[in-house]
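J.: Protein chains in written order, with the working numbering: chain X, 42 to 457; chain B, 42 to 457.
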């Protein structure tokens with residue numbers, strides 16, 4: 042007798058959907074497609090020589106510790122080092138405010154696990170990071186989107202939404218926000234809005250989950266303070282990761298938060314995976330201690346800036362005037378919005394034929410809107426591929442718009 | 042205004058308890074204590090030279106892949122290799138039946154995540170693995186223990202319990218079982234009971250989660266077939282790990298199960314941590330491919346057998362006659378049961394004074410019983426420490442029993 046799995050799944054599991062992006066990425070992984078889908082760092086830049094050097098050192102000098110079980114909270118010396126560096130960024134903290142996670146996706150999972158009951162409302166930017174929407178859905182949270190613009194989250198609309206929810210006697214569990222070079226929109230929360238957001242959070246007693254995977258990838262200008270640095274109440278749960286600054290293949294991140302919350306996360310983590318690998322933590326610690334991280338991040342920043350400028354220039358040249366995009370000043374993504382009638386999901390098979398790929402906008406909205414938008418990644422494609430791919434995409438977009446307007450235009454229609 | 046965390050936690054989180062064992066282990070980690078607590082492999086045996094060799098190879102030859110994001114299901118070549126080896130153990134499977142996890146604790150977490158709704162009954166051995174109880178509690182499952190004896194799970198009592206539950210219209214979601222050298226009891230499920238268990242599961246349409254971390258650590262005799270190998274219906278979810286056979290510090294395990302279930306686990310895993318580190322998976326693959334795993338496991342087996350015999354001999358010599366223990370034929374643990382009046386929790390501070398540590402029995406029971414039992418680990422302490430520690434523990438146990446009986450006996454009372 043075969044097992045009827047569907048009958049046995051939890052309500053939680055029945056609510057999980059296989060990610061559309063995942064299926065699309067499989068389609069887009071053919072060799073001859075120029076892909077702006079995915080959100081991968083450029084492996085050509087990986088610091089392999091330094092990585093090899095520190096790994097040799099770790100296995101020679103600390104092998105027995107690196108291969109053994111370790112503390113659920115993470116390697117003591119790594120937590121100390123991260124605390125010290127955070128203090129330099131004006132975040133008052135010590136090692137006990139920090140727990141190491143299997144990259145920030147696990148930070149999201151654990152935060153949702155200890156905060157969300159089925160049906161609990163949580164707020165996030167619209168659009169927002171797909172992995173966060175999935176993590177919150179997996180605990181049957183009810184994600185509610187707050188629009189953003191070129192200066193990031195519309196904090197005025199946040200307050201309106203909080204008022205609406207209060208009228209319905211709903212207290213949202215938290216606001217999830219990516220203030221720097223947001224995924225997918227590429228926008229950065231302005232200084233003024235950061236301050237207002239922290240004030241609003243205090244006034245409404247609202248937790249903030251601040252996710253900052255891209256902050257170190259700023260192309261120019263001075264970094265803005267994190268929400269965590271502006272937060273006097275310890276109500277910000279700050280998620281960081283080595284995925285974009287060292288390597289995603291080591292799956293290492295960390296949470297900085299109020300100590301009672303960190304202890305609760307540790308209890309949840311123990312039941313989840315006991316501990317994060319000691320081996321990769323020792324490697325990351327040694328990599329940071331020797332100053333290799335800053336050196337590497339500087340190179341990454343420079344190369345991504347070059348690629349970003351290349352993409353923006355190509356978009357200026359090849360995209361129709363009806364398509365808009367905020368200019369990112371860091372990170373890995375450009376977010377392009379077409380007129381409302383254009384459907385990037387429907388257009389996707391034609392893009393495949395034209396051998397170019399993007400991520401459809403709708404996966405970044407909890408409510409499935411955003412079908413006229415697309416996310417374009419510039420960190421992975423080469424400087425040769427970017428203008429070629431953008432040209433292909435530009436032709437497609439022009440054709441879509443022309444067919445809607447009943448006119449066939451083969452030449453660029455953009456008016457500068 | 043400071044955050045009132047307790048008000049914000051999910052019902053799930055409020056049900057999580059900080060593990061007593063965790064606190065006890067902290068007490069027991071002082072240098073001069075001989076500890077039989079914990080369940081750590083002996084780091085003196087770690088295959089550091091081979092590990093270094095394969096890590097060098099991976100970083101040199103496959104560095105860009107090893108440091109990049111990878112598939113949620115795990116590294117293709119590792120899944121192929123594990124499938125091939127499983128087929129050699131009479132488990133019909135291919136790579137699509139396998140998903141790589143962050144050790145088997147994550148296997149337990151993900152299985153619970155996709156199977157358990159709040160209040161769902163799940164069955165397990167009494168006593169059972171603490172980490173499993175924690176994983177099931179974290180999703181508000183209701184663990185119900187079925188006693189075991191020297192031949193493992195009492196399958197007769199399982200059927201009685203299933204009948205009782207059916208009378209209450211309760212369908213348990215699964216049975217969790219560790220058939221080989223069980224943690225904490227050290228006992229092994231007999232061949233006859235394995236066959237009966239699989240028959241009962243088919244008759245009652247009951248899922249089985251079979252956890253086999255210690256199967257490879259058999260001291261003598263031929264291995265018994267896994268439940269998975271005896272299961273024609275694909276109703277066994279089989280959890281394996283590299284933690285006891287290669288190294289816990291790489292946090293790698295795998296699930297072998299029916300393909301629809303593996304796909305559901307992959308969806309859940311994606312929201313949990315996206316993927317397991319590519320780096321450690323490449324290392325494990327190369328370690329296995331070169332035949333280093335068998336070589337290492339053979340050494341571990343031999344050394345643990347020596348330590349186990351040393352512990353059993355010391356227990357025969359120093360433990361009072363009123364204490365009983367099944368003799369393990371593999372694994373890492375001996376489980377000692379004292380008369381019902383003896384309380385190992387209460388005795389623990391006196392053990393600390395005597396500079397010896399164990400794990401209290403009650404943490405291995407979902408209902409908190411087992412306070413007269415203790416788990417003793419023999420893989421980590423040295424051959425010099427084992428008899429010394431057992432002698433200390435023997436004196437303590439004799440003193441406890443004597444004080445209960447109103448007689449102070451300082452000499453061994455055991456009658457052979």
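For glycine and all other residues, C-beta sits at the position ideal for the given N, C-alpha and C.
Decide if the region 286–304 of chain X is in contact with the region 330–347 of chain B; the criterion is three or more beta carbon pairs, one per stretch, under 8 Å apart.
T.: Taking 8 Å as the limit for Cβ pairs, the verdict is that the region 330–347 of chain B does not touch the region 286–304 of chain X.
J.: Express the C-alpha separation of residue 361(B) and residue 454(B) in angstroms, rounding to a whole number.
T.: As a working mapping, residue 454(B) is identified with position 413 in the second chain. As a working mapping, residue 361(B) is identified with position 320 in the second chain. Residue confidence is low: residue 454(B) scores 47 on pLDDT, short of 50, so the model does not pin down where it sits. No coordinate-derived value is stated.
J.: Taking 9 Å as the CB-CB cut-off, is residue 457(B) touching chain X?
T.: In the second chain, counting from the first residue as 1, residue 457(B) sits at position 416. With a pLDDT of only 43 at residue 457(B), under the threshold of 50, the placement of this residue in the model should not be trusted, and no figure is reported.
J.: Identify every residue that forms a DSSP beta bridge with residue 359(X).
T.: By 1-based counting over the first chain, the position of residue 359(X) is 318. Answer is none; residue 359(X) lacks a bridge partner.
J.: DSSP puts residue 295(X) in a beta bridge; with which residues?
T.: For the purposes of this step, residue 295(X) is taken as residue 254 along the first chain, with counting starting at 1. DSSP output for residue 295(X) lists 141(X) and 281(X) as bridge partner(s).
J.: According to the neighbour-count rule (16 or more other Cβ atoms, all chains shown, within 10 Å of its Cβ), is residue 285(B) buried or exposed?
T.: Reading the second chain from its first residue, position 244 is the one you call residue 285(B). Buried, because 16 or more other Cβ atoms sit within 10 Å of the Cβ of residue 285(B).
J.: Do residue 289(X) and residue 116(B) have their C-beta atoms closer together than 9 Å?
T.: Position 248 of the first chain holds residue 289(X). Position 75 of the second chain holds residue 116(B). The answer is no: Cβ separation not under 9 Å.
J.: State the DSSP-derived secondary structure class of residue 83(B), mapped to helix, strand or coil.
T.: Reading the second chain from its first residue, position 42 is the one you call residue 83(B). Looking at residue 83(B) - three-state DSSP - the assignment turns out to be coil, as it is neither helix nor strand.
J.: With 16 as the cutoff for other CB atoms within 10 Å, does residue 188(B) come out buried or exposed?
T.: By 1-based counting over the second chain, the position of residue 188(B) is 147. By the 10 Å Cβ count, residue 188(B) comes out exposed.
J.: Measuring CA to CA, which of 47(B), 420(B) and 102(B) is closest to residue 258(B)?
T.: Locating residue 258(B) in the second chain gives position 217, counting from the first residue. With distances taken between Cα atoms, residue 258(B) lies closest to 420(B).
J.: Express the C-alpha separation of residue 412(X) and residue 373(B) in angstroms, rounding to a whole number.
T.: Locating residue 373(B) in the second chain gives position 332, where the first residue counts as 1. Locating residue 412(X) in the first chain gives position 371, where the first residue counts as 1. Whole-angstrom Cα-Cα distance: 56 Å.
J.: Three-state secondary structure (DSSP) at residue 303(B)?
T.: In the second chain, counting from the first residue as 1, residue 303(B) sits at position 262. It is helical.
J.: Are the Cβ atoms of residue 75(B) and residue 430(B) separated by less than 9 Å?
T.: For the purposes of this step, residue 75(B) is taken as the residue at position 34 of the second chain. For the purposes of this step, residue 430(B) is taken as the residue at position 389 of the second chain. Yes, these two residues count as a Cβ contact at 9 Å.
J.: Output the residue ranges of the beta strand (DSSP E) runs that lie fully inside the region 147–218 of chain B and measure 3 residues or longer, sorted by chain position.
T.: 162–167, 183–190 and 215–218, all fully within the region 147–218 of chain B.
J.: State the Cα-Cα distance for the pair residue 439(B) and residue 447(B), rounded to the nearest angstrom.
T.: On the second chain, residue 439(B) is found 398 positions in, with the first residue counted as 1. On the second chain, residue 447(B) is found 406 positions in, with the first residue counted as 1. So the alpha carbons of these two residues sit roughly 12 Å apart.
J.: Thinking C-alpha only, which one of 264(B), 169(B), 134(B) and 444(B) is nearest residue 299(B)?
T.: Working through the second chain from its first residue, we reach residue 299(B) at position 258. Checking every option, the nearest Cα to that of residue 299(B) belongs to 134(B).
J.: Consider the Cβ of residue 316(X): report whether some Cβ of chain B lies at a distance smaller than 9 Å.
T.: Start at 1 with the first residue of the first chain, and residue 316(X) comes out as number 275. For residue 316(X), the answer is yes, since a Cβ of chain B falls inside 9 Å of its Cβ.
J.: Does the separation of the CB atoms of residue 152(X) and residue 250(X) fall below 9 Å?
T.: Your numbering for residue 152(X) matches position 111 in the first chain. Your numbering for residue 250(X) matches position 209 in the first chain. A contact, by the Cβ cut-off of 9 Å.
J.: Assign residue 437(X) to one of three DSSP states: helix, strand, or coil.
T.: Here residue 437(X) corresponds to residue number 396 of the first chain, with the count starting at 1. Helix at residue 437(X).
J.: Is the distance from the Cβ of residue 88(B) to the Cβ of residue 328(B) below 9 Å?
T.: Reading the second chain from its first residue, position 47 is the one you call residue 88(B). Reading the second chain from its first residue, position 287 is the one you call residue 328(B). Yes.
J.: Determine which residues of the region 146–162 of chain B have a Cβ less than 7 Å from any Cβ of chain C, and write them out in chain order.
T.: No chain C appears in this structure, whose protein chains are X and B.
J.: Taking 9 Å as the cut-off, decide whether the C-beta atoms of residue 113(B) and residue 350(B) are in contact.
T.: Against the second chain, residue 113(B) aligns to sequence position 72. Against the second chain, residue 350(B) aligns to sequence position 309. No; because the gap between Cβ atoms is not below 9 Å, this pair is not in contact.
J.: For residue 390(X), count the other beta carbons within 10 Å of its own beta carbon; 16 or more makes it buried, fewer makes it exposed. Which is it?
T.: Reading the first chain from its first residue, position 349 is the one you call residue 390(X). Under this definition residue 390(X) is an exposed residue.
J.: Please tell me whether residue 376(B) has its Cβ less than 9 Å away from any Cβ of chain X.
T.: For the purposes of this step, residue 376(B) is taken as the residue at position 335 of the second chain. For residue 376(B), the answer is no, since every Cβ of chain X falls outside 9 Å of its Cβ.
J.: DSSP three-state call for residue 37(X): helix, strand or coil?
T.: No answer is possible for residue 37(X): the residues shown for chain X start at 42 and end at 457.
J.: For a cutoff of 9 Å on Cβ pairs, would you count residue 444(X) as touching chain B?
T.: Residue numbering aside, residue 444(X) sits at position 403 when the first chain is read from its first letter. By this cut-off, residue 444(X) is not an interface position.
J.: Below 8 Å on C-beta distance, what does residue 275(B) contact in chain X?
T.: Within the second chain, residue 275(B) is the residue found at index 234, counting from 1. Those are 43 and 44, listed as they occur along chain X.
J.: Ignoring anything shorter than 4 residues, give me the alpha helix (DSSP H) runs that lie fully in the region 110–142 of chain X, in order along the chain.
T.: Runs found: 117–129.
J.: Assuming contact is defined by CB atoms lying nearer than 9 Å, are residue 213(X) and residue 185(X) in contact in what I supplied?
T.: Reading the first chain from its first residue, position 172 is the one you call residue 213(X). Reading the first chain from its first residue, position 144 is the one you call residue 185(X). Contact flag set, yes.
J.: For residue 49(B), which beta-bridge partners are listed by DSSP?
T.: What you label residue 49(B) is simply residue 8 of the second chain in a count that begins at 1. Partner(s): none; residue 49(B) has no beta bridge.
J.: Using a Cβ-Cβ cut-off of 8 Å (strictly less than) and excluding sequence neighbours within five positions of residue 106(X), which residues of its own chain qualify?
T.: If you number the first chain from 1, residue 106(X) lands on position 65. If we look at residue 106(X) and ignore the five residues flanking it on each side, its Cβ neighbours are 319 and 323.
J.: In or out: residue 441(X) buried (at least 16 other Cβ within 10 Å) or exposed?
T.: Looking up residue 441(X) in the first chain gives position 400. Answer is buried; the Cβ neighbour count reaches 16.
J.: Quick test of the definition: if touching needs 3 or more C-beta pairs under 8 Å, does the region 177–184 of chain X touch the region 156–165 of chain X?
T.: Short answer: they touch.
J.: Over the uninterrupted alpha helix (DSSP H) stretch that includes residue 324(B), give me the two end residues.
T.: To locate residue 324(B), count along the second chain from 1; it is residue 283. Taken as a continuous stretch (DSSP letters only), the alpha helix (DSSP H) holding residue 324(B) covers 319–330.
J.: Mark residue 197(B) as exposed unless 16 or more other C-beta atoms lie within 10 angstroms of its C-beta, in which case mark it buried.
T.: For this step, residue 197(B) is matched to residue 156 along the second chain. Classification of residue 197(B): exposed, given that the 10 Å Cβ count is below 16.
J.: Secondary structure at residue 74(X), three-state DSSP: helix, strand or coil?
T.: Here residue 74(X) is taken as the residue at index 33 of the first chain, counted from 1. Reduced to three states, the DSSP call for residue 74(X) is coil.
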